[in-house]
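Sequences listed follow chains X and B, in order.
Taking our numbering, the leading residue of the first sequence gets 3, the next gets one more, and so forth.
Taking our numbering, the leading residue of the second sequence gets 3, the next gets one more, and so forth.
Let me begin by presenting the structure, written as structure tokens, before commenting on it.
There are 2 protein chains.
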Amino acid sequence: MSTKDRILDAAETLFADAGYDGVSLRQITSAAGVELALANYHFGPKSDLFLAVVQRRADELNRERMTLLAALPDPPTMEGLIDAFARPFMEKSLRGGAGWKSYARLIAQIANSQRWTQAVMHTQFDPVAEAFIKGAKRALPEADPRNLYWGFHFMVGAMTMTFAETGRIDVLSRGKCKSGALDKIYQRMIPFLAAGFRRLAEA
Amino acid sequence: MSTKDRILDAAETLFADAGYDGVSLRQITSAAGVELALANYHFGPKSDLFLAVVQRRADELNRERMTLLAALPDPPTMEGLIDAFARPFMEKSLRGGAGWKSYARLIAQIANSQRWTQAVMHTQFDPVAEAFIKGAKRALPEADPRNLYWGFHFMVGAMTMTFAETGRIDVLSRGKCKSGALDKIYQRMIPFLAAGFRRLAEA
DNA sequence: GTCTATAGCTTGATAGAC
DNA sequence: GTCTATCAAGCTATAGAC
Numbered sequence: 003m004s005t006k007d008r009i010l011d012a013a014e015t016l017f018a019d020a021g022y023d024g025v026s027l028r029q030i031t032s033a034a035g036v037e038l039a040l041a042n043y044h045f046g047p048k049s050d051l052f053l054a055v056v057q058r059r060a061d062e063l064n065r066e067r068m069t070l071l072a073a074l075p076d077p078p079t080m081e082g083l084i085d086a087f088a089r090p091f092m093e094k095s096l097r098g099g100a101g102w103k104s105y106a107r108l109i110a111q112i113a114n115s116q117r118w119t120q121a122v123m124h125t126q127f128d129p130v131a132e133a134f135i136k137g138a139k140r141a142l143p144e145a146d147p148r149n150l151y152w153g154f155h156f157m158v159g160a161m162t163m164t165f166a167e168t169g170r171i172d173v174l175s176r177g178k179c180k181s182g183a184l185d186k187i188y189q190r191m192i193p194f195l196a197a198g199f200r201r202l203a204e205a
Numbered sequence: 003m004s005t006k007d008r009i010l011d012a013a014e015t016l017f018a019d020a021g022y023d024g025v026s027l028r029q030i031t032s033a034a035g036v037e038l039a040l041a042n043y044h045f046g047p048k049s050d051l052f053l054a055v056v057q058r059r060a061d062e063l064n065r066e067r068m069t070l071l072a073a074l075p076d077p078p079t080m081e082g083l084i085d086a087f088a089r090p091f092m093e094k095s096l097r098g099g100a101g102w103k104s105y106a107r108l109i110a111q112i113a114n115s116q117r118w119t120q121a122v123m124h125t126q127f128d129p130v131a132e133a134f135i136k137g138a139k140r141a142l143p144e145a146d147p148r149n150l151y152w153g154f155h156f157m158v159g160a161m162t163m164t165f166a167e168t169g170r171i172d173v174l175s176r177g178k179c180k181s182g183a184l185d186k187i188y189q190r191m192i193p194f195l196a197a198g199f200r201r202l203a204e205a
């Protein structure tokens, strides 16, 4: 495994647990088993390393989302549309290894802070978001387009928190619900969100 | 204004913008216009200051939420229940001053990270969450209780991201939607979420 | 590409005078 | 309750040898 990948993997885990400022380059290179100076040599400043961590999986995720979105019938159903957007993330989180779990926790923090909205959310995720909105306009042609943007926003909020698996719901439900049972949650999330979109389309 | 309050206000704004580790005690006391040593004198270690910042408004918020929840008819409607939970936050964010906007950005980060789940979410917000779930069981008695926990989870994800006002939706919608127009968004969020809950109850 | 060594700064916390 | 001064540790970034 290359030095670059070792650094990216270590940075991903640590950034996911403690955030950008909660982790030092020393912790990252130490966890990766490489020298401190190599982080700067391969990635430049710390902020560029952070962006590289996020970009690596965003590219793969977006490619799959775009493929699924393009394969939908026209007009698509809302359920199909939401599934095309959410399924790649769910599958990778369940079966892609620990790196994807870290990435999910990282994205939840990024999506909920102003700090990385421009550099990460707009740069890396807006093209897919626009493809989703375009599909939603076909699925619900009678809807006010603004309501579809808001629906998308509510969906992203519910999804990022779900994939982050903070464990809060496990304690709150006294073990009846499990954050880690993503496939079970997924079966509930899709209809929940689709019903919300449909209700907004009627308004 | 007391030294303690000056420190709390400055810390709130800075923590909301950059997170716990992104802000130093020097930045906080400097913004508050007091000496560095006073942060430790009044609040103890940095982590205790952070918890004090969150607790201050959580107490006020929870009191109002509990009052509204207790005033609902039995059985309540899902719309009424969600409104009782969300309205105090929305009103304060719209009319409570800049401190409540900072607090909303802070809560969005906390709710989406594992790091503060125990010390903040469970400690400060679980009692109200349980009151909400109890009401949801009355509103939708035919629902599997687990689905109500998941609905609550999706609701919190959508709500925290909405109140955080990251501005992403403004750019994505090319100005058609505005993060800051919380009252308009609120009218869409309540039916979106209520329809989601109802759909889960049918499953 | 990798390593050692270090410059230049910032950090949280506190001791001790007032 | 407030202030000055400081400690010990940590930080990012980089220069220079190999």
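Note that CB positions come from ideal geometry on N, CA and C, so glycine has one too.
Enclosing alpha helix (DSSP H) for residue i [first to last residue]
i                : result
GLU198 (chain B) : Just to set this straight, residue 198 (chain B) is Gly in the shown sequence, not Glu. Here the alpha helix (DSSP H) through GLY198 (chain B) covers 184 to 204.
HIS44 (chain B)  : 39 to 45
ARG65 (chain B)  : 48 to 72
LYS6 (chain X)   : 5 to 20
VAL158 (chain X) : 147 to 166
ASP172 (chain X) : 170 to 174
GLY82 (chain B)  : 80 to 97
Cβ neighbour criterion (16 or more within 10 Å) applied to residue i
i                : result
LYS94 (chain B)  : buried
LYS103 (chain B) : buried
ALA205 (chain X) : exposed
PRO90 (chain X)  : buried
GLN111 (chain X) : buried
SER49 (chain X)  : exposed
LEU174 (chain X) : buried
TYR43 (chain B)  : exposed
GLU167 (chain X) : buried
ARG210 (chain X) : Only positions 3 to 205 of chain X appear in this structure, which leaves residue 210 (chain X) out of reach.
ALA13 (chain B)  : buried
Cutoff 7 Å: residue i Cβ touching any chain X Cβ
i                : result
ASN114 (chain B) : yes
GLN57 (chain B)  : no
TRP152 (chain B) : yes
PHE52 (chain B)  : no
LEU27 (chain B)  : no
LEU174 (chain B) : yes
ASP146 (chain B) : no
For residue i, the nearest candidate out of the options (CA to CA)
i                : options                                  : result
MET68 (chain B)  : B:ILE84, B:ALA54, B:VAL55 and B:VAL56    : B:ILE84
ALA203 (chain B) : B:LEU10, B:TYR151, B:ILE192 and B:THR162 : B:TYR151
GLY98 (chain B)  : B:ARG59, B:LYS178 and B:ASP76            : B:ARG59
LYS6 (chain B)   : B:GLU37, B:ARG140 and B:PHE17            : B:GLU37
ASP61 (chain X)  : X:VAL122, X:ARG8, X:VAL158 and X:ALA145  : X:VAL122
GLN126 (chain B) : B:LYS136, B:ILE9 and B:ALA113            : B:ALA113
PHE199 (chain B) : B:VAL158, B:MET163 and B:LYS178          : B:VAL158
Interface flag, residue i vs chain B, CB-CB below 7 Å
i                : result
LYS2 (chain X)   : Residue 2 (chain X) lies beyond the stretch modelled for chain X, which goes from 3 to 205, so this question has no answer here.
THR168 (chain X) : yes
VAL165 (chain X) : According to the sequence provided, residue 165 (chain X) is Phe. The question's Val does not apply to it. No, PHE165 (chain X) does not count as interfacial toward chain B.
MET123 (chain X) : yes
LEU71 (chain X)  : no
Q | Selection of the segment 77 to 104 of chain X by Cβ proximity to chain B, strictly under 7 Å | A | none
Q.
Closer than 7 Å between beta carbons: that is the criterion. Which residues of the segment 129 to 143 of chain X meet it against chain B?
A. ALA131
Q) Got a sec: which bits of the segment 181 to 195 of chain B sit with their beta carbon under 7 Å from any beta carbon on chain X, in order along the chain? A) ILE187, ARG190, MET191, PRO193, PHE194 and LEU195
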